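Data block below; observations after.
Okay, structure coming up:
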């Protein structure tokens, strides 16, 4: 029986490193998942234990997450409930946003490499996706001037992840505002995906620009810095008219009741991530000092939990070599413009760091 499925779905290959499942040797460590290796704020366990089981039956209506988001950002921006949309993680936010801009002939600008699933979804929807490449000769540093030059009136969307995934580099908020101004002049909406934003200073977030730029959409998640990937809580911040459009594209009950409650509690624990950022910075500095003759680390912000490491020899399967040394990474081939000689590495817990350091030293000296 031939079902009437969209032809392009059957023919298209979707890149997403989220589906990889690999068994590590004994004593190996997982440096592939983007979530905080130190886990969630301990204080939310009390909220989980106090959660009444009868609240599982009705549809979710808790305002805890909304209230928590407004309070969390009060130093940067005044937010109302109508500026917020809860989503099942930040990836669901991307799908919803892309759909409201999915019109015939729509053109979208990004950079490469960046979060793989965004570009994959844009292509799946039939929109044209173009990107500004991060160049190896510049150690993959984002070229803001080149990006600004590419912002033109024929674009519908511009997407930038800040911090960048996979490099972990941070774009200064002053440059984000330059992008917003140019995009506003051209009638272009800007998505700033801050999935890893908890690992940069709060005042570098684009959230502070929401009151000034109606063409801005900010995506956040509790999966990374807050270590709550299993709850599937993300959220979109945008102008009220954009949020209203998004609600027309999805169900009214995104994010379950207990997840809303726990998210609201987690957002009150602001110091949860600070110590971890210091640990990641120490680890990155030590890795950089021990890369040897063959490995390099791309431009990165040391406090961000991820970085991009690459081999001088483009024929080396670096993902496989790290697995052989007991370290699971994300293969570079899963990202646009990269190949198997690159890997994305998430910094591990302090107790596991010697395994990663040993692997880097050995591979870098081969």
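In full-length UniProt numbering, the protein residues as written are 1 to 366.
We put the beta carbon where it would ideally sit given N, CA and C, even for glycine.
Remember, it's a predicted structure, so these values are computed and weren't measured experimentally.
(1) Candidates 125, 112, 152 and 165: which alpha carbon is nearest residue 143's?
(2) So, helix, strand or coil for residue 211, using DSSP?
(3) Between 149, 193, 322 and 212, which has its C-alpha nearest residue 234's C-alpha?
(4) Going along the chain, which residues of its own chain have a beta-carbon closer than 6 Å to the beta-carbon of residue 337, five neighbours each way excluded?
(5) May I ask you to report which of helix, strand or coil DSSP gives residue 5?
(6) Can you tell me where the alpha helix (DSSP H) with residue 263 in it begins and where it stops?
(7) If contact is defined by three or more beta carbon pairs under 8 Å, each pair taking one atom from either stretch, is the stretch 251 to 267 in contact with the stretch 54 to 63?
(8) Any contact of the stretch 272 to 291 with the stretch 70 to 87, i.e. 3+ C-beta pairs under 8 Å?
(9) Using DSSP bridges, identify the partner residues of residue 296.
(10) Do you know how far the Cα of residue 50 is from the Cα of residue 165?
(11) Cutting at 6 Å between CB atoms, please list the residues of its own chain near residue 37, excluding the five before and the five after it.
(12) In or out: residue 8 buried (at least 16 other Cβ within 10 Å) or exposed?
(13) Under a three-way DSSP split, which group does residue 146 fall into?
(14) Measure the alpha-carbon distance for residue 106 versus residue 179 and round it to whole angstroms.
(15) Could you have a look at residue 60 and say whether DSSP puts it in helix, strand or coil?
(16) If I'm right that residue 24 touches residue 323 with Cβ under 8 Å, what's the distance once you round it to whole angstroms?
(17) Mapping the DSSP letters down to three states, classify residue 368 as helix, strand or coil.
(18) Kindly indicate which three-state DSSP category residue 288 falls into: helix, strand or coil?
(19) Just to check my reading of the structure: residue 328 and residue 30 have Cβ atoms closer than 8 Å, yes? What is that Cβ distance to the nearest angstrom?
Once the coordinates are examined:
(1) Position 143 of the chain shown, counted from the start, is the residue given in the question as residue 143. Nearest C-alpha to residue 143 among 125, 112, 152 and 165: 112.
(2) Taking the chain shown and counting its residues from 1, the one referred to as residue 211 is at position 211. Coil.
(3) Numbered from its first residue, the chain shown carries residue 234 at position 234. Taking only the C-alpha atoms, the option nearest residue 234 is 193.
(4) Residue mapping note: residue 337 aligns to position 337 of the chain shown, counting from 1. Only 112, 113 and 133 meet the Cβ criterion.
(5) The residue labelled residue 5 in the question sits at position 5 within the chain shown. Three-state DSSP puts residue 5 in coil, outside helix and strand.
(6) Position 263 of the chain shown holds residue 263. It spans 257 to 266 - the alpha helix (DSSP H) in which residue 263 sits, taken as one unbroken run.
(7) yes
(8) no
(9) Looking up residue 296 in the chain shown gives position 296. In DSSP, residue 296 forms a bridge with 310.
(10) Translated into positions along the chain shown, residue 165 becomes position 165. Translated into positions along the chain shown, residue 50 becomes position 50. Distance between the alpha carbons of residue 165 and residue 50: 36 Å.
(11) Here the question's residue 37 lines up with position 37 in the chain shown. Excluding sequence neighbours, residue 37 sits near 348 and 349.
(12) On the chain shown, position 8 is the one that residue 8 refers to. With fewer than 16 Cβ atoms within 10 Å of its Cβ, residue 8 is classed as exposed.
(13) Along the chain shown, read from residue 1 onward, the residue named residue 146 stands at position 146. Residue 146 falls in the helix class under three-state DSSP.
(14) To locate residue 106, count along the chain shown from 1; it is residue 106. To locate residue 179, count along the chain shown from 1; it is residue 179. Rounded to the nearest angstrom, the two C-alpha atoms are 19 Å apart.
(15) In the chain shown, counting from the first residue as 1, residue 60 sits at position 60. Three-state result, residue 60: coil.
(16) In the chain shown, the residue the question calls residue 24 occupies position 24. In the chain shown, the residue the question calls residue 323 occupies position 323. Indeed they touch by this definition, with Cβ atoms about 7 Å apart.
(17) Residue numbering for the chain in the displayed model covers 1 to 366; residue 368 lies beyond these limits and cannot be assessed.
(18) Here the question's residue 288 lines up with position 288 in the chain shown. Residue 288 carries a helical assignment under DSSP once its states are collapsed to helix, strand and coil.
(19) Here the question's residue 328 lines up with position 328 in the chain shown. Here the question's residue 30 lines up with position 30 in the chain shown. Yes, residue 328 and residue 30 are in contact; Cβ-Cβ is about 5 Å, under 8 Å.
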